[in-house]
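Chains as they are written, first to last, in the working numbering: chain U, 53 to 402; chain S, 53 to 402; chain W, 53 to 402. Ideal Cβ placement from N, Cα and C applies to all residues, glycine included. Notes to accompany the following structure.
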Amino acid sequence: MQFTAAQIAMLINGQVEGNASATVDSFGKIEEAKSNQLAFLANPKYEEYLYSTKAAVIIVNETQELKEPVSAALIRVPDAYSAFATLLHKYQEIMRQQLSGIQEPSFIHKTAVLGENVFVAAFSYIGEKVQVGNNVKIYPGVFLGDNVKIGENSILLPGVKIYHDCVIGKNVTIHAGTVIGGDGFGFAPQPDGSYKKVPQIGNVVVEDFVEIGSNSCIDRATIGSTIIRSGAKLDNLLQIAHNVEVGNNTVIAAQAGISGSTKVGNNVQIGGQAGIVGHIQIADGTRINAQSGVSKSIKTPNSAVTGSPAFEYTSALRSQAVSRNLPDLEKRVLELEKLVQQLMQERVII
Amino acid sequence: MQFTAAQIAMLINGQVEGNASATVDSFGKIEEAKSNQLAFLANPKYEEYLYSTKAAVIIVNETQELKEPVSAALIRVPDAYSAFATLLHKYQEIMRQQLSGIQEPSFIHKTAVLGENVFVAAFSYIGEKVQVGNNVKIYPGVFLGDNVKIGENSILLPGVKIYHDCVIGKNVTIHAGTVIGGDGFGFAPQPDGSYKKVPQIGNVVVEDFVEIGSNSCIDRATIGSTIIRSGAKLDNLLQIAHNVEVGNNTVIAAQAGISGSTKVGNNVQIGGQAGIVGHIQIADGTRINAQSGVSKSIKTPNSAVTGSPAFEYTSALRSQAVSRNLPDLEKRVLELEKLVQQLMQERVII
Amino acid sequence: MQFTAAQIAMLINGQVEGNASATVDSFGKIEEAKSNQLAFLANPKYEEYLYSTKAAVIIVNETQELKEPVSAALIRVPDAYSAFATLLHKYQEIMRQQLSGIQEPSFIHKTAVLGENVFVAAFSYIGEKVQVGNNVKIYPGVFLGDNVKIGENSILLPGVKIYHDCVIGKNVTIHAGTVIGGDGFGFAPQPDGSYKKVPQIGNVVVEDFVEIGSNSCIDRATIGSTIIRSGAKLDNLLQIAHNVEVGNNTVIAAQAGISGSTKVGNNVQIGGQAGIVGHIQIADGTRINAQSGVSKSIKTPNSAVTGSPAFEYTSALRSQAVSRNLPDLEKRVLELEKLVQQLMQERVII
Chain U
53 MQFTAAQIAM
63 LINGQVEGNA
73 SATVDSFGKI
83 EEAKSNQLAF
93 LANPKYEEYL
103 YSTKAAVIIV
113 NETQELKEPV
123 SAALIRVPDA
133 YSAFATLLHK
143 YQEIMRQQLS
153 GIQEPSFIHK
163 TAVLGENVFV
173 AAFSYIGEKV
183 QVGNNVKIYP
193 GVFLGDNVKI
203 GENSILLPGV
213 KIYHDCVIGK
223 NVTIHAGTVI
233 GGDGFGFAPQ
243 PDGSYKKVPQ
253 IGNVVVEDFV
263 EIGSNSCIDR
273 ATIGSTIIRS
283 GAKLDNLLQI
293 AHNVEVGNNT
303 VIAAQAGISG
313 STKVGNNVQI
323 GGQAGIVGHI
333 QIADGTRINA
343 QSGVSKSIKT
353 PNSAVTGSPA
363 FEYTSALRSQ
373 AVSRNLPDLE
383 KRVLELEKLV
393 QQLMQERVII
Chain S
53 MQFTAAQIAM
63 LINGQVEGNA
73 SATVDSFGKI
83 EEAKSNQLAF
93 LANPKYEEYL
103 YSTKAAVIIV
113 NETQELKEPV
123 SAALIRVPDA
133 YSAFATLLHK
143 YQEIMRQQLS
153 GIQEPSFIHK
163 TAVLGENVFV
173 AAFSYIGEKV
183 QVGNNVKIYP
193 GVFLGDNVKI
203 GENSILLPGV
213 KIYHDCVIGK
223 NVTIHAGTVI
233 GGDGFGFAPQ
243 PDGSYKKVPQ
253 IGNVVVEDFV
263 EIGSNSCIDR
273 ATIGSTIIRS
283 GAKLDNLLQI
293 AHNVEVGNNT
303 VIAAQAGISG
313 STKVGNNVQI
323 GGQAGIVGHI
333 QIADGTRINA
343 QSGVSKSIKT
353 PNSAVTGSPA
363 FEYTSALRSQ
373 AVSRNLPDLE
383 KRVLELEKLV
393 QQLMQERVII
Chain W
53 MQFTAAQIAM
63 LINGQVEGNA
73 SATVDSFGKI
83 EEAKSNQLAF
93 LANPKYEEYL
103 YSTKAAVIIV
113 NETQELKEPV
123 SAALIRVPDA
133 YSAFATLLHK
143 YQEIMRQQLS
153 GIQEPSFIHK
163 TAVLGENVFV
173 AAFSYIGEKV
183 QVGNNVKIYP
193 GVFLGDNVKI
203 GENSILLPGV
213 KIYHDCVIGK
223 NVTIHAGTVI
233 GGDGFGFAPQ
243 PDGSYKKVPQ
253 IGNVVVEDFV
263 EIGSNSCIDR
273 ATIGSTIIRS
283 GAKLDNLLQI
293 AHNVEVGNNT
303 VIAAQAGISG
313 STKVGNNVQI
323 GGQAGIVGHI
333 QIADGTRINA
343 QSGVSKSIKT
353 PNSAVTGSPA
363 FEYTSALRSQ
373 AVSRNLPDLE
383 KRVLELEKLV
393 QQLMQERVII
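This is the structure in structure tokens:
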């Protein structure tokens, strides 16, 4: 899609300076933008690029002074960075609204109910009694098992698989390849050393405004629900086991894993590749460092931990610092042993 | 599907007490069940919910005494928990038997051979000379490469991809998005710093009664087979590299990884996010703690290890305990140094 | 496909000894090959199998002496191992050339441009203005978003998803389930504790001769490009975050993760399950051990690190060695304290 400088200025309430009919069709960094792109200048550090950039349109702060002539059309706004962010949101909204209708071939069970302005791409599969809310966008190769519910404005990127009976809220985005509702990992050991499957008959509930990255796994509960609370943001390649609860506005970075039945509080931050054992509680506002291994409940809100096993952040860092110099510490102990032995031999017993 | 209390009692050899025609269509925990659900009471801790639950039907121990009137229909059995588990298995069996036939559009090569009562969902792809056993259930978007064999009663959930020549046993379940038979990671370094691919011409053999979670990867062997032995249970997001062997009834938790050519024995337990280097052996019955990094063979059966690099469990825990107090230990050494220095200066040489 | 010993000898410039019309249709290890297979003998350790193998054709060194009669047809070449590798490459080339044409049903937007001898399998989705180079092979269930470019000779295995605007070079192989161009994980914290999505409008550029394993994730840049440089080899289940750059001929083992905006140099080796924080630089030739956690830039080329947090390899190993004996070290300190206390009490003040 192409936009003129004048159209963009209207979207973000800015003033055009220069060629109002200059057109752009994509976005670029000011230092590497091409002649069909729009850029912005917010950080004075990059001002030199204002005079050399190939961008056709640039959003600048209204206070921006020009030391040289500028070939691009300028759009002046009170705050260039936030105007640019606003523009991106509006642009993505416009792009998404264009996705609509049912592409063929797709498989939509006759008992499924689809809302208004829904997009169902080719090769998507919508099972029995599925409910899809208004404005939901379903990309190619998505699988929705029987009885799944998808709330309005949600977006399912290519190849997302949602097993039967799971419930997805409104304004949720789930990226490509993520699996919601696979069986929890439950097997009962038998006397002969084999394992018997424990049926996993619960579901997964993902509340509103959640975003989940690519190729993540959120397993269904054994009974009841695995729950991702409203506003949580989950990255790629996550493992969320059965019956876990993730609190509101909690953020989990890529490749982290949470074992079964653990309850993670609100506004928690979990670093990449961190692991949390099962059946524990993580207090609100906890910060868990990348690669940590959390092996017991964290009860004090807003604490920070690191290491595997994980401990309180500051003291763990202190231990790590000593740990690095262990060979030196051992040498000091050896030296002491020699001196003390010498002293023991030389001592005068009174 | 709906069942009456009478029908359920018949399936699990129980006695109905109350309304034998009460109907349910799903399962719930006794403390949160809805009026269309069946629950069970096995743990006396939850007895209070027997009198307040909305569940329409409850399975209880035959010895269960009632302190108050119960509105739900009761089904009395010798052991409520195991009767409930049995019921779930039968229910899932019934549900699965209903899946049958070929949905369109699907792609089935004319040389492929399908057994009796097979289900092939829409958008599934079955390549040349593929053999699919009786009662196999293939969900949407599954890919079976040329010459793949799937044993009877196996279930391939949505988006499972099995590369050419791989062999899957009987009664195997593979969850959504898992990739079986991708190329092993083999590249020969060249004098100019680049890498030349080593062709990966082996396959993967998954034996009977194996279950594999979602979005896991099991790579094909360079030559020969990567093998998952009978009864092994593998969780989500696992990496099993080329030429690995995983023994009978071995259990591997999510996000663990096993490097090339390593042989893991029988009845081994591997915790989440653990890693095992290549070309080593892990003895039968070994227990590897979550996040461990196993860097050499474990030869003693039934041993337990933890840490990265991993060591014997008890002594590793002891080291970790001291490690936590390292700053304190360093302080003690510093104190000793001062005292010894003082003693050295004060000593009386005889 | 079947080949005779004579045909194979011609492909690798060898001399047939025995039945030149013996046929094979696959490859096996000499110790376990079947009667329809070709094997090779390069390592003298395996010579005994030359006389007992069931393989119909065996590639051997031209200097190989026979101590017993051999039933298989032999093909003599100067170097059996490299002739075998050459044969595999030619075989895979032949197999791949056979893949051609458009299978139905597939979805190819009318504005997409496909080169010569392209294969598009059933259930693949090719969006608006996509450009697909000559000889590209697209397996079932692949998704190519709008404006994606795929360079010639590249191979996209089943279920690969490439989001809009991403660019894939020539001779690239991407294995099943991998997601290229999912949104970077960028969310701005709001005063009320919630997060606001930062639009991710960049793309991913994968240069020539790159191979990427199964179920990996490479996120698109916030602005600009996430870049995988020519010749890099990436394993399964990797996380490559937004705006990361991976250098030429860099090798990354399974389950490793690289956080946002980090620049990894050329010829770097990253072990399995290693993690690298965001916004740092890794010098050319760095070797990062498996499970390491790299928390700051590595500026010296060709250095090696291990541990979490990661340090210089040799000194980290030394610290780990002492760490293992910490309980012993603590005991020695305790013993010293007792002796020093005794000495302090017994000392003679002059």
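Exercise. From the DSSP output, in three-state form, read off U/L209 for me.
Key: coil
With 7 Å as the threshold, decide whether the Cβ of U/P210 is near any Cβ in chain W.
yes
At which residues does the beta strand (DSSP E) containing U/L126 begin and terminate?
A125 to V129
Use the C-beta contact count for S/T115: other C-beta atoms within 10 angstroms, 16 or more gives buried, fewer gives exposed.
exposed
- Task: State yes or no: is the beta carbon of S/A139 nearer than 7 Å to at least one beta carbon in chain U?
- Result: The identity of residue 139 of chain S in the sequence shown is Leu, whereas the question assumes Ala. Not closer than 7 Å to any Cβ of chain U, the Cβ of S/L139 fails to qualify, so no.
Would you say W/V231 faces chain U, with C-beta separation under 7 Å as the test? yes
>> I'd like to know whether the C-beta atoms of W/V200 and W/V188 end up nearer to each other than 7 Å.
In response: no
*Would you mind reading off the limits of the beta strand (DSSP E) that contains W/I111?*
V109 to N113
Check: Whose Cβ in chain U lies nearer than 7 Å to the Cβ of W/L391?
Finding: V392 and M396
- prompt: Listing by chain order, which chain U residues have their CB less than 7 Å from the CB of S/S375?
  reply: S371 and S375
Proximal chain U residues relative to W/Y191, where beta-carbon distance stays under 8 Å:
Those do not exist, as W/Y191 stays about 13 Å from chain U at its closest Cβ, beyond 8 Å.
Enclosing beta strand (DSSP E) for W/A91 [first to last residue]: Q89 to L93
Considering only their Cβ atoms, is the gap separating W/L378 from S/S371 smaller than 7 Å? yes
Using only the alpha-carbon positions, how far apart do W/I334 and W/I350 sit? 5 Å
- prompt: Is there a Cβ from chain S that is less than 7 Å from the Cβ of U/Q15?
  reply: There is simply no residue 15 of chain U to check, as chain U begins at 53 and stops at 402 in what is shown.
Uninterrupted beta strand (DSSP E) stretches inside the stretch 243 to 317 of chain U (no shorter than 3 residues)
247 to 249, 255 to 258, 269 to 271 and 277 to 280
Suppose contacts are defined by Cβ-Cβ distances below 7 Å. Is U/G236 in contact with U/Q252 by that definition?
yes
Requested in this report: Take U/A125 as the anchor and find which of U/F136, U/Y133, U/A137 and U/K106 has the nearest alpha-carbon.
Outcome: U/K106
* To do: Using three-state DSSP, classify S/L118 as helix, strand or coil.
  => coil
Practice task
Please go through the same chain and pick out, in chain order, the residues whose beta-carbon is closer than 6 Å to the beta-carbon of S/P243, but skip the five residues on each side of it.
Solution key: none
Review point. Once you ignore the five residues that flank S/H227 on each side, which residues in its own chain have a CB closer than 7 Å to its CB?
Key: L209, I264, G265 and S266
| said: Using a 10 Å radius around the Cβ and a threshold of 16 neighbouring Cβ atoms, would you call W/V112 buried or exposed? | reply: buried
By the 10 Å Cβ neighbour count, where 16 or more other Cβ atoms means buried, how is W/T230 classified, buried or exposed? buried
Pairwise C-alpha distance: W/A326 and S/V374: 26 Å
TODO: Mind checking the stretch 156 to 189 of chain S against chain U and listing, in chain order, the residues whose C-beta falls within less than 9 Å of any C-beta there?
DONE: E156, P157, A173, A174 and F175
For a cutoff of 7 Å on Cβ pairs, would you count W/C269 as touching chain U? yes
Practice item. Look up U/Q67 in the DSSP assignment and give the residues it is bridged to. Key: U/R128
* Same chain only: Cβ atoms within 6 Å of U/L176, ignoring 5 sequence neighbours per side -> A small fix is needed here, since residue 176 of chain U is Ser in this sequence, not Leu. Around U/S176: S158, I190 and V194.
**Message:** Please confirm whether W/Y247 has its beta-carbon closer than 7 Å to some beta-carbon of chain U.
**Reply:** yes
| Around the C-beta of U/S311, are 16 or more other C-beta atoms found within 10 angstroms, so that it is buried, or is it exposed? | buried
Cβ-Cβ separation, U/G330 to U/S344 (assumed contact under 8 Å), whole Å
At roughly 16 Å, the Cβ-Cβ gap does not stay under 8 Å, so U/S344 and U/G330 are not in contact.
In angstroms with no decimal places, state the Cα-to-Cα distance between W/G221 and W/V256. 11 Å
How about S/P367 and W/G283: do their beta carbons lie closer than 7 Å? The question names Pro, yet the displayed sequence has Ser at residue 367 of chain S. For S/S367 and W/G283, no; Cβs fall outside 7 Å.
query: For U/V219, which option in U/L166, U/I178, U/K249 and U/I279 has the closest C-alpha, if you only look at C-alpha atoms?
result: U/I279
Check: With 16 as the cutoff for other CB atoms within 10 Å, does U/A305 come out buried or exposed?
Finding: buried
Below 8 Å on the Cβ atoms is my guess for W/G197 versus W/G185; work out the distance and round it to an integer in Å. That pair is no contact at about 17 Å.
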